[in-house]
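One structure is given here, and the rest of the page talks about it.
Residue numbers (the numbering used here): 478 to 714.
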């Protein structure tokens, strides 16, 4: 069946967003290390950042333990994984605590400048909206402070359900909570290795470049896709 035929048969009725790197800016690895060094009162120039990241990468191993497919299934698992790597890297407690604090502080994640208008546009199109994130803490307060909590129909957070991307089960859970079928639910994320797995459960998927600066505008790509699919359905009768 052609893409055009699909768009007529299965209009988008829901959009599921990844959180970090998609709806909100995400610190780069360099930014994470630099801010942790600063918090700990250490030198945080480029050389210090490179040195710290090098120690962490060597300790994390290959595959990288900090990117474990089970690392965010609970807050406890996330903490144990990170502190195990920090210990193997020979980091002192103060620096390890600073690294974990930066990783766990939602204030470093700022909503994209076009996030609110994008969500509003989708709601106008009668789309349900979900947020699906591999995360070890509750992100709802961030949405509430931004005045966006009421825009979200379902939060699917890995630490609350004991499963995380790229496990297809978490995408099926999002569909269940939204009450929509896979073929009519668009997944939007920034990582093919995680968010792209949505295609395995039948969800059309849009990958956007990772958001590293909240001033970057790319969420119009979502409304373009939803609008195009709905327009195709209308044109087809």
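Beta carbons are placed, not taken as given, at the ideal position from N, Cα and C, and that holds for glycine. In this text the structure is predicted, and so the values were computed from the model without any measurement.
For residue i, which option in the options has the closest C-alpha, if you only look at C-alpha atoms?
i: residue 530; options: 546, 545, 513 and 518; result: 513
i: residue 614; options: 506, 691, 522 and 578; result: 578
i: residue 580; options: 561, 688 and 506; result: 506
i: residue 655; options: 547, 598 and 630; result: 630
i: residue 508; options: 585, 648, 619 and 645; result: 585
i: residue 546; options: 612, 563 and 658; result: 612
i: residue 701; options: 564, 543 and 598; result: 598
i: residue 541; options: 521, 562 and 523; result: 562
i: residue 535; options: 680, 574, 693 and 564; result: 564
i: residue 496; options: 522, 620, 523 and 515; result: 620
Within the same chain, show all residues whose beta-carbon is closer than 7 angstroms to that of residue i, passing over the 5 residues directly before and after it, in chain order.
i: residue 510; result: 526, 529 and 530
i: residue 628; result: 596, 600 and 606
i: residue 687; result: 498, 503 and 667
i: residue 548; result: 554, 555 and 558
i: residue 649; result: 678
i: residue 521; result: 511, 514 and 515
i: residue 689; result: 502, 503 and 505
i: residue 539; result: none
Compare the beta carbon distance of residue i and residue j with 8 angstroms and say whether it is the shorter of the two.
i: residue 489; j: residue 677; result: no
i: residue 492; j: residue 699; result: yes
i: residue 604; j: residue 501; result: no
i: residue 685; j: residue 499; result: yes
i: residue 616; j: residue 643; result: no
Which same chain residues, not among the five before or five after residue i, have their C-beta less than 6 angstroms away from its C-beta?
i: residue 572; result: 517
i: residue 487; result: 660 and 661
i: residue 478; result: Any reading at residue 478 is ruled out, since the residue's pLDDT is 29, under 50, leaving its predicted position unreliable.
i: residue 609; result: 493, 633 and 651
i: residue 576; result: 513
i: residue 623; result: 588
i: residue 712; result: For residue 712, the predicted structure reports a pLDDT of 47, less than 50, and the residue's modelled location is therefore unreliable. The matter cannot be settled from this model.
i: residue 714; result: The pLDDT assigned to residue 714 is 44, lower than 50, so where the model puts this residue is not dependable; a value taken from the coordinates is nonetheless given after this. Answer for residue 714: no residue qualifies.
i: residue 695; result: 685
Leaving out the 5 sequence neighbours to the left and right, which residues in its chain are closer than 8 angstroms to residue i when beta-carbon positions are compared?
i: residue 682; result: 663, 664, 665, 666, 672, 673, 675 and 676
i: residue 691; result: 501, 502, 587, 588, 589 and 590
i: residue 625; result: 588, 592, 593 and 596
i: residue 618; result: 583
i: residue 519; result: 525 and 572
i: residue 560; result: 573 and 577
i: residue 543; result: 533, 537, 558, 559 and 562
i: residue 463; result: Within the shown structure, residues of the chain are numbered from 478 to 714, placing residue 463 beyond reach of any answer.
i: residue 646; result: 640
i: residue 697; result: 591 and 595
i: residue 657; result: 490, 491 and 605
Checklist entry - Is the region 551-559 close to the region 632-640, with three or more CB pairs under 8 angstroms? => result yes
Item to check | contact_flag[the region 567-578, the region 672-690] where n(CB pairs < 8 angstroms) is 3 or more | outcome: no
Item to check | Contained alpha helix (DSSP H) runs [length at least 4] in the region 574-658, N- to C-terminal order | outcome: 592-601, 617-622, 635-638 and 645-655
Checklist entry - Which full runs of the beta strand (DSSP E) of 3+ residues lie inside the region 490-532, going along the chain? => result 491-494
Next on the checklist: Going residue by residue through the region 656-686, where are the continuous alpha helix (DSSP H) segments of at least 4 residues, counting only ones entirely within it?
Outcome noted: none
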